[in-house]
Every structure is written in structure tokens, then in C-alpha cells.
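Just so you know, the sequences run in chain order A and B.
All residue numbers for the first sequence refer to my numbering, where the first residue is 304 and numbers rise by one.
All residue numbers for the second sequence refer to my numbering, where the first residue is 37 and numbers rise by one.
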Amino acid sequence: MKEYRTITQIAGPLVFVEKTEPVGYSELVNIVTADGTVKRGQVLDTSDDVVVVQVFETTAGIGRDSGVRFTGETIKMPVGKDMLGRILSGGGQPIDGGPEIVPEKRLEITGAAINPYARGSPEDFIQTGISTIDGTNTLVRGQKLPIFSGSGLPHNDVALQIARQAKVPGSEEQFAVVFAAMGITREEANYFMADFEKTGALERSVVFLNLADDPAVERTITPRLALTTAEYLAFELGYHVLVILTDMTNYCEALRQIGAAREEVPGRRGYPGYMYTDLASIYERAGIIKGVKGSVTQIPILTMPGDDITHPIPDLTGYITEGQIVVNRELHRKGIYPPINVLPSLSRLMNLGIGEGHTREDHKKVSDQLYAAYAEGNDLRGLVAIVGKDALSERDRMFLEFADLFEDRFVRQGLYEDRSIEETLDLGWELLATLPEEQLVRIDRELIQKYHPNYRKKAQG
Amino acid sequence: MKKRTEYRTQGVLKRISGPVVTAVGLDAHMYDVVKIGHEELMGEVIKIQGEDIIIQVYEDTAGIRPGEPVENTGLSLAVELGPGLLTSIYDGIQRPLEVLVDKMGDFIERGVSAPGLSHEKKWEFVPTVGAGDVVEAGDILGTVQETNIVHKVMVPPNVKGGKIKKISGGSFTIDEIICTLEDGTEITMLQRWPVRVPRPTKEKLNPDIPLITGQRILDGLFPIAKGGTAAIPGPFGSGKTVTQQQLAKWSDSEIVVYIGCGERGNEMTEVLTEFPELEDPKTGKPLMERTVLIANTSNMPVAAREASVYTGITIAEYFRDMGYDVSLMADSTSRWAEAMREISSRLEEMPGEEGYPAYLAARLSEFYERAGRVVNLNGTEGSVSVIGAVSPPGGDFSEPVTQNTLRIVKVFWALDAKLSQRRHFPAINWLDSYSLYLDALDDWYDREVSPEWNPLRAWAMGVLQKEAELQEIVQLVGSDALPDEEQITIEVARMIREVFLQQNAYDPVDTYCSMSKQYDMMKAIRYYADLARAAQASGATPQQIVSVRSKNDLPQIKFIKDYEPALAKIQEEMAAEFDAMRAA
Chain A
304 MKEYRTITQI
314 AGPLVFVEKT
324 EPVGYSELVN
334 IVTADGTVKR
344 GQVLDTSDDV
354 VVVQVFETTA
364 GIGRDSGVRF
374 TGETIKMPVG
384 KDMLGRILSG
394 GGQPIDGGPE
404 IVPEKRLEIT
414 GAAINPYARG
424 SPEDFIQTGI
434 STIDGTNTLV
444 RGQKLPIFSG
454 SGLPHNDVAL
464 QIARQAKVPG
474 SEEQFAVVFA
484 AMGITREEAN
494 YFMADFEKTG
504 ALERSVVFLN
514 LADDPAVERT
524 ITPRLALTTA
534 EYLAFELGYH
544 VLVILTDMTN
554 YCEALRQIGA
564 AREEVPGRRG
574 YPGYMYTDLA
584 SIYERAGIIK
594 GVKGSVTQIP
604 ILTMPGDDIT
614 HPIPDLTGYI
624 TEGQIVVNRE
634 LHRKGIYPPI
644 NVLPSLSRLM
654 NLGIGEGHTR
664 EDHKKVSDQL
674 YAAYAEGNDL
684 RGLVAIVGKD
694 ALSERDRMFL
704 EFADLFEDRF
714 VRQGLYEDRS
724 IEETLDLGWE
734 LLATLPEEQL
744 VRIDRELIQK
754 YHPNYRKKAQ
764 G
Chain B
37 MKKRTEYRTQ
47 GVLKRISGPV
57 VTAVGLDAHM
67 YDVVKIGHEE
77 LMGEVIKIQG
87 EDIIIQVYED
97 TAGIRPGEPV
107 ENTGLSLAVE
117 LGPGLLTSIY
127 DGIQRPLEVL
137 VDKMGDFIER
147 GVSAPGLSHE
157 KKWEFVPTVG
167 AGDVVEAGDI
177 LGTVQETNIV
187 HKVMVPPNVK
197 GGKIKKISGG
207 SFTIDEIICT
217 LEDGTEITML
227 QRWPVRVPRP
237 TKEKLNPDIP
247 LITGQRILDG
257 LFPIAKGGTA
267 AIPGPFGSGK
277 TVTQQQLAKW
287 SDSEIVVYIG
297 CGERGNEMTE
307 VLTEFPELED
317 PKTGKPLMER
327 TVLIANTSNM
337 PVAAREASVY
347 TGITIAEYFR
357 DMGYDVSLMA
367 DSTSRWAEAM
377 REISSRLEEM
387 PGEEGYPAYL
397 AARLSEFYER
407 AGRVVNLNGT
417 EGSVSVIGAV
427 SPPGGDFSEP
437 VTQNTLRIVK
447 VFWALDAKLS
457 QRRHFPAINW
467 LDSYSLYLDA
477 LDDWYDREVS
487 PEWNPLRAWA
497 MGVLQKEAEL
507 QEIVQLVGSD
517 ALPDEEQITI
527 EVARMIREVF
537 LQQNAYDPVD
547 TYCSMSKQYD
557 MMKAIRYYAD
567 LARAAQASGA
577 TPQQIVSVRS
587 KNDLPQIKFI
597 KDYEPALAKI
607 QEEMAAEFDA
617 MRAA
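Structure below.
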């Protein structure tokens, strides 16, 4: 392989190389420094005159005396059956002291788009055991449902609880978990790993760790390596795979860093204008394929800078993903775990996975009614602050109390409490029964007579 | 005089930067389609700068090197139009996705071409004109029963026409000649039309017929006319896509073109699985039979996303030319605008507002201007209604795409995250939304629904407006502090919201509400309001009036198919309850 010593410019993570033979766009590059270290990079722009290489590691040590080798192929990920149970670096190298991965295949990490015509309809209800997800923001197999959180909130606990408890009722198969960490601290990583080991989840997991002090540019490939692995496990080996990506905010920061180094015209808040397309190329790698056994379900986690849901990172994410679970600081301060605020949360695929034949016939309408009643009660809190409780009508007071009850009983649950969907829905009815029956306008009479505790009691006694 | 050098169609690549590449050594015109590299990826010329020809590529360019060949086809980006369009699902450059699955499996690989229409399939052509007849551009030559829709085969708009020498019925592929003119022009069922050029029409008509959608807040309060334009802006999660899909399902147009532009793959799958199962309320046939889908999901190449909107509207115009009413849904135009921004930034063009190219406004207005109710070249009347979803970043309507769209469209359906959070669906804000077609459509509602309808709508809007004002006071002092009369207004407004405006897209009955049912429901609310006012005048307290039980049954009417007896019963009970109140 030809080695060029024609580096003309180094700026941030970018290296400019001149007078090369034709080099392919996106090609993998090895840069050899004077002391013999090999650093990897990728071609971002190629022309007859100059080739721009983005280096995944630190550019420390690279100089005009470094050698550049173009490998002639795009970045590929070696994948194999024995990957389950392994811990890899953010660049895909084993870091658990175990042997190298024996590759059965080497796959392009960019991953082609699933043909929309080949996609199967996601409709298998995943029971996470968390009422605010199962009951009101249901996750289904093949969905991408991010957790929008803020710094200092227990999103990691929520993610771990989902990873621990997720199952499709009536099916014995367990999920394989692909876990990709981008820019998280060593401490957080240890916390995840300890839980994985304690619950035995590690043996059905593949872990990619790019830590806070690892090169930022490497973060841009970590989720792609993870998803390539997930797709292999799902569509070639038939696993149902749950992919957890944390923290996507760090990924976007890395993207901005590269954009700035390339002197691109920035979009909102300095993030590159193509961030939507770039994020889509990650998030869209979830789903199921008609006639193929496995599935990829994605739970990306991101921390909203300043808890601002309109910030470009959560905003663009929300436009791509099929809903979002919003972790809320106020609930957290009230001491409620999991502090999931159902009002801004949403699962777009919920209706495909609930109802008769999936969960229970009353699911949709119970969920709508809980939402409406909680929203109304929550609004009244503002009013109470101004006029006091006494000025409220009796109807209003009932809704106000409902909101408190909802947070205390429906939202709050234990870290290891695994509620079945029946328990969640019955709990919902129990809370709704505190309201007069004619206020339940979202539910048809038939369902009320079948499931409302008043009628159930009558039927039993 | 300088000798004209030969036109060079072959060149080589000089630079590759993502979806934008530069070629040298060939001649080209703007928007020519070119083939890139050994794999012959499809691209389109978007800029010419001296020797440099700058091309946007519709497929992934990873691994392509400088020095690879480039060939100019000399054609502009065009779609194939003819029998076989309906029920198809295409990517942004009209490659049928079903064929692509056969050719390259479940994932979309690059370098595979596939024609938009089947060139093998035979269609039964029945001529409606005969030899010796004189036809002009756009005239209908005959018909093909495509699905339950009759496909009209026309003289292409760019053919001059003349006297027919020979025309024959029978079984033909789209490449076989069905008609020969005296001057030797041969006509097939296939037309090719460049997507960036609007298809010609004779004249534009005024939009005075509403597009009935079965959605109460749209038909009832903010109607769009056939041939009109509407925008649905809203933050994520406010129900844009559901609203678009409801329109695609239930609007009373004969043909629907649905463009999934840079949206979610799973959502397109939902459309693909649902539409064949749903029935057209008018014909009872599967909705898919009248539908053309274009799916360029967010992770498919960005340049093809830019083209998808043009591909869609050209297909819509083609069906309009046959005399059909066509609705086009574009979800979402913001993704289209972002595709323009992405390409523009790769071209290193001077950016306008928020990085969008300065020609954003021009492109948007050109697109929406292709809507309209028209007299076609062949004298038939047809329409293209365009409904564009807009996804404003952070739900902020002051951003460039929303603002530039609102300057053009006549109907604005403002989606509101607050409403969707309390599960008020469709989450269309009744105070911010508007329709500029109301005046033009008044006559139609008078004639087709009831002369009482227009006053009834004005009354309902008045109540909602009043409620908004009162809510501000309630927020400060509580509802008990309001005068009796206004407490009733609040209650009536709540009924309009919960009974009339809220509609459940997932309920088999409520998903479509006929105009006559809408009228009856609104009349029932008005009936209560009138009784309430009368009772109040004769001394009843607001508490008594609000606690009338029979009105609580009104929401149930939504879920009952043959609702008339139930509604009549509720109204009788209401009257009885108010009578009792007066007697007491």
C-alpha cells in the first residue's frame, strides 16, 4: 500500500493531504506518526488536488512528517456470533481483555436504508413493567423511542430498568441488548456495567464504550458500529435486539465540532445544517423486515441542554423518532421515580401495539382518559396558586386531587417493580373511579360497564 | 466564425463531497440527468461554473473516486406517466420500491435503476375517438380500466396533434403504438414529463367547491377548496402525520398522491399496510386503488428527497389533466426545504435566513402555485389540492419555512402541542387557524348542507372566541366569579370543543363524519345553548343548567353509525329536563 508524506494542513480533527492517486469518498485512512502509532480516519472530501481526512483519534503526534495510507475501502465492522457478552471500545476494539472478535462477516457501518416496502409493521407490544410507558406511551418492537432527559436526572436508571424488564408477554425470547455509550464518564459506565453483571444481562449484550476522555470524533462512529452489530444480530441471526444509545447529546456535540473544523456554514446554534439527515441515518436503523425473524428496537437517551425541549438536539430527534419519553425535573424533585412526565411524552406506534389481541380492549381509551384528566388537573394547579383551593368548583377540586393521585400511584413505582399491563390498566381504572362517571367522556359506556371498579364490584358481589 | 465544437457527453469526476460532486470534460445544461462513476449512479446538474459541472447525486457516493467516468444523458429529470401509476409506491425519483426489493433485497443498495412503470404489462385500451377525428394536445384518445379508476389516455401536451390516421383498441403495453396521426406522429400510452416543469392548462378557475374531508374541524370551521392550498405546521408530536393520513384516507378527491418526504420508515409502512384494507366511503373499493405513494424516508439520499416533491406533483397534474380531482399531501415540506439547504451549503452558496438558500421562498411558491382548479387542454375540469405539512424547529412558527409557506397558502391549520398533550385531537388550534376560502364556499354550504349552516358556524366561532377571552379572567379569579350568563358560555364552548372539535381518528365510526352529521351535531349543541339561555332568563341557576344530565350523552353520538334516533332521544330528554327545571 502506498504511503503519502504530503500532509499540508492539520486543523482540529482534519488532515489535508495533497498529490494523491484518486482516493474514494468515505474511504478508511491510516495515518502513521513518526513513532509508529497508527491512527484511523475517514475521507470527508476528495478531489484531484486535495483530500480531507477526518481523524477519529486525537491528532496529537500527527505532523507533516506523518505517513498517510488509503485503504481503498470504506469502514467495515467485523461481526460474529461470539460478540454477545463482549465489551468493545467506541472504535470497535475489544477492551475486556478477551480475544479478538472472530469475524464471520465484515459489514459497512453506514448501513443501507431499509426499503420502506420491505418493512414489516411494528405491532408487538413490549412490556417494560413501567406504567407510564406501558400504559400511556407504549413501546412496540421495531420502534425508536428516545428518552429526553436533563443533567442530573435518573435517565440511566430508567434505561436500565427497561433493559432489565423488557419482554413481549407470551413469548419466552429475551432481548439481546446492544449498548453504546458516547462520551459518558467512567463512573457512569461502571454503574451500567455493574448492573449488567449483577442481573446477568451482560451475556446477552454487546457493549461499546466511548468514554468522556476518548476522542470526540470517535463518537461519530460508535452508534454506527453498534447499529451494524444490532442489525447483524437481528436480521441475520434472528435476535430481537434492544439498542440503547447514550448520550446522543455528546454525539451531536462531536458533529458540531467537526462541522466547525471544516468551516461549514452552521445551522441553528452552530450545529451543522445536515444534522437532521445525519441523525436520521442513525435513528432510522430500527424496525422489522417482512419475513425476517429478528427486530431492532432503539432507545436513544439524550440530555436536553438547559432542559429545553426546543433545543436543536431534542427537536430534530423528536421529528425522526416515533415519540419520546420525557424525564422531568419537577417530578424528580418531588421524589417520584421514575420521574416521567406523561404530558409531553408520546409513543407514535402505540396504537399499533395495543387493544384487543395485543394488550386489552380498553387500553386506548383508558390511556386517553388518564391523559385528559391529568392534564386538566395539572392546569388547575396554576390556578390554585393564584386563587386558592377554596375558589375552585367541586368538579375542579376532583381533577386537582386526581392529578396528585396519578403522580403518586400511577407514575411512582419501584426501581425493581415490574408491573404487568393488566396491573397497569387496572390501576388506571382505580384512579379514574375517583372521578364521577359522567366525567369519563373519552370512554364508551360499554367499556365502563365492563371495567369500571364500581361495576366490577357489582358483578362480583 | 468560430467552429462549433462537438457536444461532449463524456467526462470525468474531479471532486466528491457527500451528495455533491464535480465533473469536468463534458458539456451539460442545467438539470440534465447524468450517470456518475462505474456504478452509473443517477445525478442531476445543478450548477455550471466554467469547466466545472456540479451535480447532485441521488444515491450514496461512498467509495467513488476522482477520475471515474461521468456521462450526460442529455435528458432532464422526468417521470413516466401512464397506466400502472395507481397503487404504486415510489422513491423520490420514481423507482418502484416493490421492484427494488426484488432486485436488491430488503435494503436499498445503490446503482440499481428501475423504470417507474411496467413496460411488459398489457392494458386493455378502448378508443373514444376514431380515424379521421382531429385531436389536439391533451385530448383524450381512449380509456384503460386501471383499477376501479378509469385511466384516460391523452395526446401528450407537447405533441401538436392533427387528424388521426389510425387508432386501434386492444391489449397494449405502454410502449406500443395505439394511435398514428396523418403527419406520421406515433402516440403510445406512455408520456414522459420533466418534473420541474408544470403541465400546461387552459385556464385557472375560482375554487368554490370544498374538499370534504370528514374531519369536523376542517370541513366545519376551516374548509379547504378543491384546488386550494393548505399548510399544517406543528411541533413534533402534535399530530401532523395523523392529520395528513386522515386527509389521504377520507378526502373526497378521486386520486390521492401522498409524499412521505424525509419522514419515518415505519410510518410509510403503516400507510402501506392500512390503505389496502381501508375502503373509500364513496365507492367501497380499497383506498389504495386511488392512491400513489412516494416514500423517501429520512435516511434515504437527500437529493432524491429534494426531487420527491416534484415527482409527486407532476403525477398529480397528470391525473388532473384527465379531469379528476386530485389531493396531494406532502409530509413534510420542511424536510424538503432542509434538503435544499443541505445541497446549497455543499455548493457553498451564500445562505439566507437560518442557513436556508435565498431561493427558498421562490421554490415554495412555485410549488404551491402548481395547485388549482383548472380547465384542462382537453376541456375537462380537474383540480390539484395541495396540503403541505410543515415541521417548524421547536414549534416556532416564525422560522423561514413556515413563514414563507404562510405567505402563499390560503388555509392554515395550526397544530398546537398543548392540545395534543391533553389528547385533544385533532390538535388544531381553533383560534389561530384560518381559511380564506370561507366566503367563496358559503354558497356551496347554503346549497348542499343547509342555509342554516353558515350562521351556525359563525355562532360557534363566536362562542369559542368569547371563551378564550373569558378563560383569561377565569385564570385570575376562578370560574365562580363569572356572571351567570358567561358561565353558560363556558359550558357551551366546552361542549363545542369536546363534542364537535374532538374527533377520534382511530374509532371506526368517528374517523369519518359526514357533513350532515356535522350539521346535526352542531345543531344539537345550539339546541342546548338556546334552552340554557331561555332557562336562565326564567331564573334557573348556572349550576342547574350545567348539571343537565342528558347533554353528557352527546359525545357518545360520535361513535354511533346510525346516530339519528339516539340524537333525537337526547334532544327530547334535554327538553324534558329543562321543562322540569322551569316547573320547579
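Glycine residues also receive a C-beta, built at the ideal position from the N, C-alpha and C atoms.
Member of the options whose CA lies at the smallest distance from the CA of residue i
i: Pro132 of chain B; options: A:Glu403, A:Ala421 and A:Pro402; result: A:Ala421
i: Leu467 of chain B; options: B:Glu484, B:Ile90 and B:Trp449; result: B:Trp449
i: Lys593 of chain A; options: B:Pro337, B:Ala340, B:Leu308 and B:Glu315; result: B:Leu308
i: Ala620 of chain B; options: B:Gly575, B:Val582, B:Glu609 and B:Tyr599; result: B:Gly575
i: Phe392 of chain A; options: A:Phe511, A:Arg571 and A:Ile310; result: Checking the displayed sequence, the identity of residue 392 of chain A turns out to be Ser instead of Phe. Minimum Cα distance to Ser392 of chain A is reached at A:Phe511.
i: Asn108 of chain B; options: B:Val137, B:Leu62 and B:Ile125; result: B:Leu62
i: Gln601 of chain A; options: A:Val595, A:Met607, A:Arg588 and A:Gly609; result: A:Arg588
i: Gln607 of chain B; options: B:Leu590, B:Arg618, B:Phe595 and B:Arg493; result: B:Leu590
i: Phe403 of chain B; options: B:Lys196, B:Gln85 and B:Val231; result: B:Val231
i: Pro402 of chain A; options: A:Asp747, A:Ala416, A:Gly383 and A:Pro419; result: A:Gly383
i: Gly541 of chain A; options: A:Gly486, A:Ala676, A:Val599 and A:Gly658; result: A:Val599
i: Ile412 of chain A; options: A:Thr431, A:Arg527, A:Ala537 and A:Ala688; result: A:Arg527
C-beta neighbour in chain A for residue i, strict 9 Å
i: Thr33 of chain B; result: Look at the range of chain B in this structure, 37 to 620, and you will see that residue 33 of chain B is not part of it.
i: Lys39 of chain B; result: Low confidence applies to Lys39 of chain B: its pLDDT is 48, below 50, so where it sits in the model is not reliable, and the reading given next is rough at best. No, Lys39 of chain B does not count as interfacial toward chain A.
i: Thr333 of chain B; result: yes
i: Glu600 of chain B; result: no
i: His187 of chain B; result: no
i: Phe272 of chain B; result: yes
i: Asn490 of chain B; result: no
i: Ser381 of chain B; result: yes
i: Pro429 of chain B; result: yes
i: Ser469 of chain B; result: no
i: Asp516 of chain B; result: yes
i: Ile524 of chain B; result: no
i: Gln399 of chain B; result: It is Arg, not Gln, that sits at residue 399 of chain B in the sequence shown. No, Arg399 of chain B does not count as interfacial toward chain A.
i: Val513 of chain B; result: yes
Terminal residues of the beta strand (DSSP E) in which residue i lies
i: Ala620 of chain B; result: Where Ala620 of chain B is concerned, there is no enclosing beta strand (DSSP E), given that its DSSP letter is neither H nor E.
i: Glu116 of chain B; result: Ala114 to Leu117
i: Gly799 of chain A; result: Within the shown structure, residues of chain A are numbered from 304 to 764, placing residue 799 of chain A beyond reach of any answer.
is_contact[residue i, chain B] using C-beta, thresh 9 Å
i: Gly344 of chain A; result: no
i: Ser424 of chain A; result: yes
i: Val595 of chain A; result: yes
i: His602 of chain A; result: It is Ile, not His, that sits at residue 602 of chain A in the sequence shown. Not one chain B Cβ lies under 9 Å of Ile602 of chain A.
i: Gly486 of chain A; result: no
Residue i - partner residues in DSSP beta bridges
i: Asn302 of chain B; result: Asn302 of chain B pairs with nothing; no bridge assigned.
i: Ile213 of chain B; result: B:Thr224
i: His187 of chain B; result: B:Val180
i: Ala416 of chain A; result: B:Ile144
i: Trp229 of chain B; result: B:Val115
Where the alpha helix (DSSP H) through residue i begins and ends
i: Trp489 of chain B; result: Trp489 to Val513
i: Phe355 of chain B; result: Val338 to Asp357
i: Asn644 of chain A; result: Taken as a continuous stretch (DSSP letters only), Asn644 of chain A belongs to no alpha helix (DSSP H), being part of the beta strand (DSSP E) at Ile643 to Ser650.
Interface flag, residue i vs chain E, CB-CB below 9 Å
i: Glu378 of chain B; result: Absent here is chain E; the protein component of the structure consists of chains A and B.
- Along the segment 372-384 of chain A, what residues have a CB closer than 7 Å to any CB found in chain B? Result list: Thr377.
- Item | Within 7 Å of chain B by C-beta, residues of the segment 408-421 of chain A in sequence order | Answer set for the segment 408-421 of chain A: Thr413, Ala415, Ala416, Ile417, Asn418, Pro419, Tyr420 and Ala421.
- Task: Please list the residues of the segment 564-590 of chain B that have a C-beta atom closer than 8 Å to any C-beta atom in chain A, keeping them in chain order.
- Result: Listed by position along the chain: Arg585 and Asn588.
- What residues in the segment 138-171 of chain B have a beta carbon less than 7 Å from any beta carbon of chain A? Across the segment 138-171 of chain B, CB contacts with chain A closer than 7 Å involve Asp142, Phe143, Ile144 and Glu145, in sequence order along the chain.
- Task: For the segment 310-326 of chain A, enumerate the residues whose C-beta is nearer than 7 Å to any C-beta of chain B, in chain order.
- Result: Against chain B - using a Cβ distance shorter than 7 Å - the residues of the segment 310-326 of chain A are Pro325 and Val326.
- Item | the segment 293-315 of chain B: positions lying closer than 8 Å to chain A by Cβ | For the segment 293-315 of chain B, the set of residues with a beta-carbon nearer than 8 Å to any beta-carbon of chain A comprises Gly296, Gly298, Arg300, Gly301, Asn302, Glu303, Met304, Thr305, Glu306, Leu308 and Thr309, in chain order.
- Message: Taking beta-carbon pairs under 7 Å, can you tell me which members of the segment 686-702 of chain A lie near chain B?
- Response: Per Cβ criterion, the list reads Leu686, Ile689, Val690, Ala694, Leu695 and Ser696.
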